[in-house]
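Residue numbering for the sequence shown follows the working numbering, starting at 20 and increasing by one per position. In what follows, a single structure is set out as structure tokens and then discussed.
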Amino acid sequence: MDVTVVVAVIAAAGSVLGGGGFFVARATVRAAEATARANRAAALAAAEPEQRRVDLEAFQAIRDDLRAEVRDLRTETGRLRMIVRAFASYVGELSMQMRDAGVEPAEPPDLVEEYNRTGV
Numbered sequence: 020m021d022v023t024v025v026v027a028v029i030a031a032a033g034s035v036l037g038g039g040g041f042f043v044a045r046a047t048v049r050a051a052e053a054t055a056r057a058n059r060a061a062a063l064a065a066a067e068p069e070q071r072r073v074d075l076e077a078f079q080a081i082r083d084d085l086r087a088e089v090r091d092l093r094t095e096t097g098r099l100r101m102i103v104r105a106f107a108s109y110v111g112e113l114s115m116q117m118r119d120a121g122v123e124p125a126e127p128p129d130l131v132e133e134y135n136r137t138g139v
């Protein structure tokens, strides 16, 4: 064989292998990136049950606070209704006493008239 042919074959082989090395390196980088993405996805999937537990605890705390607030508002509303009824009865009696004494009481506001008609 001629030395020139041998050199040409070696150069061609080096070129192919060198270029192949480039493709192998690129494939290795892509594989590493894919592995990193898969690891991130696995970590997120593993963390999800814990996050759900934390979210559930937060929602339960919010629910408990809202239940307590609703309970307090119901108590307050019931108390205010009792006060309104007591005042309505008291004002009604005072109005009767005024009429019995010959004094006509002032006209009540519209909301009082509505309450006397509907009870609400």
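Glycine included, every Cβ here is placed at the ideal spot set by N, Cα and C.
The beta-carbon distance between SER114 and PRO124, rounded to whole angstroms, is 5 Å. This is short enough to meet the 8 Å contact definition.
Look at GLY97 here: in three-state DSSP terms it is helix. In the three-state DSSP reduction, GLU133 falls in the helix class (H, G or I). For the set VAL89, PRO127, GLU52, the Cα lying nearest the Cα of PHE106 is the one of PRO127. For the pair VAL139 and GLU132, the CB atoms are not nearer than the 9 Å cut-off.
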